[in-house]
Amino acid sequence: MADDFGSTSIHDKEVSRLWRAWRTIHEMVADRGYELAEEEIKMPLEAFRTKFTAGDGSPNRSMMSFSARPSAAMNKKFTPPPTASNPDPAPECGPIWVEFCPEKSSIGISVMKKFVEHCSANAYKAGILVTAVALSAQARKVMTVTSQYTLIECFLEEDLLVNITHHDLVPTHILLSREEKAALLKRYRLKETQLPRILQKDPIARYLGLKRGQVVKIVRTSETAGRYASYRLCV
Amino acid sequence: MAASPPPNAPPKSILKKTNPPPDVPSALELTGLTRAQAAQLLTLSKKELKPPIPIETFELLSASFPSSTPPSPDDVSLLLSHLPEFSPSEYLDLIDERNCLNHCGYALCSKPRRNFPGKVKIRPSGVAKTADLNKWCSDDCALKGMYIHVQLEHPSYEWVGDKGEMKVKIRLREGKDKEKEKGSADELEKAVAGLSLDGANDDSDKKGDDAYQKKQQAGRLAVERNGMNVDRVEVRIGEKEITQLPTAPTFSNAQGGESDAHLMVEGYKIGSKGKKAKNTEGESEDDDDDDFIPSIRVESLNYGKS
Ligand SMILES: [Zn+2]
Numbered sequence: 001m002a003d004d005f006g007s008t009s010i011h012d013k014e015v016s017r018l019w020r021a022w023r024t025i026h027e028m029v030a031d032r033g034y035e036l037a038e039e040e041i042k043m044p045l046e047a048f049r050t051k052f053t054a055g056d057g058s059p060n061r062s063m064m065s066f067s068a069r070p071s072a073a074m075n076k077k078f079t080p081p082p083t084a085s086n087p088d089p090a091p092e093c094g095p096i097w098v099e100f101c102p103e104k105s106s107i108g109i110s111v112m113k114k115f116v117e118h119c120s121a122n123a124y125k126a127g128i129l130v131t132a133v134a135l136s137a138q139a140r141k142v143m144t145v146t147s148q149y150t151l152i153e154c155f156l157e158e159d160l161l162v163n164i165t166h167h168d169l170v171p172t173h174i175l176l177s178r179e180e181k182a183a184l185l186k187r188y189r190l191k192e193t194q195l196p197r198i199l200q201k202d203p204i205a206r207y208l209g210l211k212r213g214q215v216v217k218i219v220r221t222s223e224t225a226g227r228y229a230s231y232r233l234c235v
Numbered sequence: 001m002a003a004s005p006p007p008n009a010p011p012k013s014i015l016k017k018t019n020p021p022p023d024v025p026s027a028l029e030l031t032g033l034t035r036a037q038a039a040q041l042l043t044l045s046k047k048e049l050k051p052p053i054p055i056e057t058f059e060l061l062s063a064s065f066p067s068s069t070p071p072s073p074d075d076v077s078l079l080l081s082h083l084p085e086f087s088p089s090e091y092l093d094l095i096d097e098r099n100c101l102n103h104c105g106y107a108l109c110s111k112p113r114r115n116f117p118g119k120v121k122i123r124p125s126g127v128a129k130t131a132d133l134n135k136w137c138s139d140d141c142a143l144k145g146m147y148i149h150v151q152l153e154h155p156s157y158e159w160v161g162d163k164g165e166m167k168v169k170i171r172l173r174e175g176k177d178k179e180k181e182k183g184s185a186d187e188l189e190k191a192v193a194g195l196s197l198d199g200a201n202d203d204s205d206k207k208g209d210d211a212y213q214k215k216q217q218a219g220r221l222a223v224e225r226n227g228m229n230v231d232r233v234e235v236r237i238g239e240k241e242i243t244q245l246p247t248a249p250t251f252s253n254a255q256g257g258e259s260d261a262h263l264m265v266e267g268y269k270i271g272s273k274g275k276k277a278k279n280t281e282g283e284s285e286d287d288d289d290d291d292f293i294p295s296i297r298v299e300s301l302n303y304g305k306s
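Line order of the protein sequences matches chains A and B. If you use UniProt numbering, the first sequence corresponds to residues 1 to 235, in order. If you use UniProt numbering, the second sequence corresponds to residues 1 to 306, in order.
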């Protein structure tokens, strides 16, 4: 394995898995349009190990949380068009908070509530909880109930080991802004329900954090047609 | 040549004649229901479709519950008041939620759950997944916990209050030690007491007002059944007196001493029944004829002679 540095620590495998999840989640946050430093995204395993492991080599997940602010481009994309009643609308996106859950046996209501409360107390518009184990059914419910105020997402470490968008067969997905979507529907004289669909639970939709009603542009390279774009509505 | 239209006529449209668009039927009309029926359906669906258990209830019953060891009567009544609302899957969620906090899955147990290593464990009763075993602190708790789940899965309802609401009846399973103490006869007696309508004979563990309520309910039920509270016919059940010692049947005294009497069941012999019955029937018919015809002959002869 490429990330095997020959260390004999029993935590080695766990640390390298965590490092992969760390990279993917940073790439994901950056791909969504948040501002992140290049050296944070591309942190090598050795640097990660020295920064986030305890003396015995075990990973310290509680230290791995980070936040990010939306970039100017993202703010522009998520700002609704000005209207007469609201001439200077505020962008619909805000800072994001990412946390790695240290819980390793099971995640119940209390853990989830604490995370949600932290997000809303610090006025984060979005929160991502990366967990080692699956959530309980009721914890999942807490997540959806409170999602009106703060958008909470959950990812398993296991699902973040590879960045799916880097795969050769996954075409580029680009989220359209509100004006772009309106222009698209006008250009092709479509109702939005006439667009092909993509499920919200689709791995790519989850990666981009798509919400119901948003449209992604999918750019494929075709051997015969060069580049070719299609559009999908998130349902 | 065509006559030109009269000068006063309005210009004629060259477009196709279209019928005025029909009124778009509302969703209500489409379903074919009257407004009253729709309202009724709505209230029914609200009543019948159970709202999900609020997350606060899960928190209440999972975090630091029960409040004392052994559980106080308040804890038991709190649990019993909430349990009928649970669906079977929500009850499993509750076990899950308690397990997340490392508690035993049985809601009235304050011990931590056990922690068997590995994926499966071989037990006297067979092979079991450790994930299932580790939900509880002991097998006893597992039985008690799943006893509730079974009652939620196959609910039996009881009437509660004056409004005539139906509620799932939940009973708690007695612990192993208690069962031994009391014995199964006591259990049975208790079960029978629970079945009877008037709470007169189970005042051992019920409060006075509870018994009174039950009596009232019994009265209401009687009125519902009979139309009014009538006196019933008194029924006495008497014991049949046996004056002599019973004797065992013997071959000689059964069925007139037939040799295959021991094969007879209530006068019929098993196996050869159909065949034999036919034969005897035929014979008897023949006999009847024989008896009938000669008697006439004899009579006629006698008549002629005299
Ligand atoms: Zn227990």
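Every residue gets a Cβ at the ideal spot worked out from N, C-alpha and C, and that includes glycine.
Go ahead and label residue i buried or exposed: buried means 16 or more other beta carbons lie within 10 angstroms of its beta carbon, across all protein chains shown.
i	result
P89(A)	exposed
P59(A)	buried
I242(B)	exposed
S64(B)	exposed
R212(A)	exposed
P66(B)	buried
M63(A)	exposed
L195(A)	buried
residue 240(A)	Any question about residue 240(A) goes unanswered here, given that chain A covers just 1 to 235.
H262(B)	exposed
G219(B)	exposed
DSSP state of residue i, grouped into three classes?
i	result
E46(A)	helix
T53(A)	strand
G105(B)	coil
E234(B)	coil
P70(B)	coil
P70(A)	strand
I164(A)	helix
T250(B)	coil
Y124(A)	coil
A131(B)	helix
T83(A)	coil
H262(B)	helix
F100(A)	strand
F155(A)	strand
A200(B)	Residue placement at A200(B) cannot be trusted, given a pLDDT of 46 that sits under 50; the coordinates are not used to answer.
G226(A)	strand
T150(A)	coil
R189(A)	coil
P203(A)	helix
P112(B)	strand
V111(A)	helix
M64(A)	coil
N8(B)	coil
P59(A)	strand
L135(A)	strand
Give me the Cβ distance between residue i and residue j, rounded to the nearest whole Å; I'm assuming they're in contact under 8 Å.
i	j	result
V219(A)	T172(A)	5 Å
M74(A)	C93(A)	6 Å
I128(A)	V98(A)	5 Å
Y157(B)	V150(B)	Actually they are not in contact, since the Cβ atoms of Y157(B) and V150(B) sit about 15 Å apart, beyond 8 Å.
A209(A)	R69(A)	Residue 209(A) is actually Gly in this sequence, not Ala. In fact, because the Cβ distance is near 16 Å, the residues do not count as touching under 8 Å.
T150(A)	Y124(A)	6 Å
V215(A)	K181(A)	5 Å
C141(B)	C100(B)	Contact flag wrong, Cβ pair sits at about 17 Å.
F58(B)	L94(B)	6 Å
Y231(A)	K217(A)	6 Å
So if DSSP puts residue i in a beta bridge, which residue, or which two residues, is it bridged to?
i	result
V215(A)	L233(A)
Y147(B)	For Y147(B), which the question treats as bridged, DSSP gives no partner whatsoever.
G126(B)	R123(B)
K269(B)	M264(B)
L129(A)	E99(A), C154(A)
E158(B)	K167(B)
E35(A)	R69(A)
I174(A)	K217(A)
I198(A)	C234(A)
Less than 8 Å between the CB of residue i and some heavy atom of ligand 1, yes or no?
i	result
C109(B)	yes
S138(B)	yes
Y106(B)	yes
C101(A)	no
C234(A)	no
C100(B)	no
C141(B)	yes
Ligand 3 heavy atoms versus the CB of residue i: any closer than 8 Å?
i	result
R49(A)	As presented, the structure is devoid of ligand 3, carrying ligand 1 as its sole ligands.
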